[in-house]
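Colleague:
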Amino acid sequence: MAAAPRMASCRRCAKCAAFPLPGPARRRRTWPSTSSRRKDSRRIAGVPAPAGVALENLDAAFAEYGRLIAKPARDGSSYGLIFVNAKQDLVAVRNAARTEEYLIEPFVAGVEATCGVLEQSDGTLMSLPPIEIVPGEGAFDYTAKYLLKSTQEICPGRFTPEITAQLQDQALRAHKALSCSGYSRTDFIVSANGPIYLETNTLPGLTAASLYPKALKAQGIELPDFLRDQITLAERRSRERS
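Residues 3 to 244 (the numbering used here) make up the sequence shown, in order.
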């Protein structure tokens, strides 16, 4: 997907021009990319997450779990998801992994959710209202996110107070564990056993189709006010680094 390289290029140009930048010093979309390091990082954060599957253990993992999911480590917008529901899907994963790093995990059934974290102008952190995602067809992939009008993004989500509190707490833990700054958004599956961590977007989109602005609106924060605060934070970080 071209969006990630374009974003990286924009950030490099801004750095060369000495413009203050929002978000982390280095843009990372997920935990560190190898399965073992990702697992260790999650334990430190205290966030429940699926076990990572190494490519060489793909067949054994499919036999054990029955269903897997593979996703590009670098791409955003749920682009390039591969659902492993049959043996022929294993071939698709191996072919895709020849040209791009993939994260592979057991498939977790449940309700899709996402929760934003906001660094306010005074430096304090707050979790935004979680969003419940109901895909129009199948999974919340690129097509469901941007092309299907039947997909529902419900904010605040229809979660119990207990689940809402868990989502907000775990999103905050992930934000801190990844040393995010400015704002982030963490994706979950709310399973029968509670929220399960999927990934963290350390610089989520702010388009009309993006999820983060919906959470800001539910919190009563106008986008221009959010942007002004993020500019203030970026300028402050730039001064502190210089």
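Glycine residues also receive a C-beta, built at the ideal position from the N, C-alpha and C atoms.
These numbers were taken from a predicted model, which means no experiment stands behind them.
(1) Does DSSP put residue 53 in a helix, in a strand, or in coil?
(2) Taking the straight line between their C-alpha atoms, what separation do you get for residue 211 and residue 116?
(3) Looking at C-alpha atoms only, which residue of 98, 110 and 102 is the closest neighbour of residue 199?
(4) Secondary structure at residue 154, three-state DSSP: helix, strand or coil?
(5) Tell me the rounded alpha-carbon separation between residue 70 and residue 135.
(6) Quick test of your reading: residue 158 and residue 220, contact by CB under 8 Å. State the CB separation rounded to the nearest angstrom.
(7) Give the straight-line distance between the Cα atoms of residue 127 and residue 236, rounded to the nearest whole angstrom.
(8) So what's residue 137 in DSSP terms, helix, strand or just coil?
(9) Does the count of Cβ pairs from the segment 153 to 172 and the segment 185 to 203 closer than 8 Å reach three?
(10) Taking the DSSP output, what are the residues bridged to residue 189?
(11) Going by DSSP in three states, residue 183 sits in which element: helix, strand or coil?
(12) Helix, strand or coil: which one does DSSP assign to residue 123?
(13) Since residue 108 contacts residue 52 with CB under 8 Å, what's their CB separation in whole angstroms?
(14) Across the segment 91 to 106 and the segment 171 to 184, are there enough close Cβ pairs to call them in contact, namely three or more that are closer than 8 Å?
(15) Roughly how many whole angstroms lie between the Cα atoms of residue 185 and residue 75?
(16) Using a 10 Å radius around the Cβ and a threshold of 16 neighbouring Cβ atoms, would you call residue 97 buried or exposed?
(17) Near residue 73, what residues of its chain come up, given a Cβ to Cβ distance below 6 Å and the 5 sequence neighbours on each side ignored?
(18) If I'm right that residue 113 touches residue 49 with Cβ under 8 Å, what's the distance once you round it to whole angstroms?
Modeller: According to the structure shown:
(1) In the sequence shown, counting from the first residue as 1, residue 53 sits at position 51. In this structure, residue 53 counts as coil in the three-state DSSP scheme.
(2) Numbered from 1 along the sequence shown, position 209 holds the residue referred to as residue 211. Numbered from 1 along the sequence shown, position 114 holds the residue referred to as residue 116. Answer to the nearest angstrom: the Cα atoms are 14 Å apart.
(3) Position 197 of the sequence shown, counted from the first residue, corresponds to residue 199. Nearest of 98, 110 and 102 to residue 199, Cα basis: 110.
(4) Numbered from 1 along the sequence shown, position 152 holds the residue referred to as residue 154. It is a strand residue.
(5) As a first step, residue 70 is located in the sequence shown; it is residue number 68 there, counting from the start. As a first step, residue 135 is located in the sequence shown; it is residue number 133 there, counting from the start. Distance between the alpha carbons of residue 70 and residue 135: 20 Å.
(6) Reading the sequence shown from its first residue, position 156 is the one you call residue 158. Reading the sequence shown from its first residue, position 218 is the one you call residue 220. So it is a contact: roughly 6 Å between Cβ atoms.
(7) For this step, residue 127 is matched to residue 125 along the sequence shown. For this step, residue 236 is matched to residue 234 along the sequence shown. Near 15 Å, if we compare the C-alpha coordinates of residue 236 and residue 127.
(8) One-based indexing of the sequence shown puts residue 137 at position 135. Correct three-state label for residue 137: coil.
(9) yes
(10) As a position in the sequence shown, residue 189 is number 187, starting the count at 1. Paired residue(s): 116 and 201.
(11) For the purposes of this step, residue 183 is identified with residue 181 of the sequence shown, where counting begins at 1. In the structure shown, residue 183 sits in coil (DSSP, three-state: anything other than H, G, I, E or B).
(12) Walking along the sequence shown from the start, residue 123 turns up at place 121. Residue 123 falls in the coil class under three-state DSSP.
(13) In the sequence shown, the residue the question calls residue 108 occupies position 106. In the sequence shown, the residue the question calls residue 52 occupies position 50. Correct: roughly 5 Å between the Cβ atoms.
(14) no
(15) In the sequence shown, counting from the first residue as 1, residue 185 sits at position 183. In the sequence shown, counting from the first residue as 1, residue 75 sits at position 73. For residue 185 and residue 75, the distance between alpha carbons rounds to 20 Å.
(16) Start at 1 with the first residue of the sequence shown, and residue 97 comes out as number 95. So residue 97 ends up on the exposed side.
(17) Here residue 73 refers to the residue found at position 71 when the sequence shown is read from its first residue. Excluding positions up to five away in sequence, the list reads 83 and 105.
(18) Mapped onto the sequence shown, residue 113 falls at position 111. Mapped onto the sequence shown, residue 49 falls at position 47. Residue 113 to residue 49, Cβ: 17 Å. No contact.
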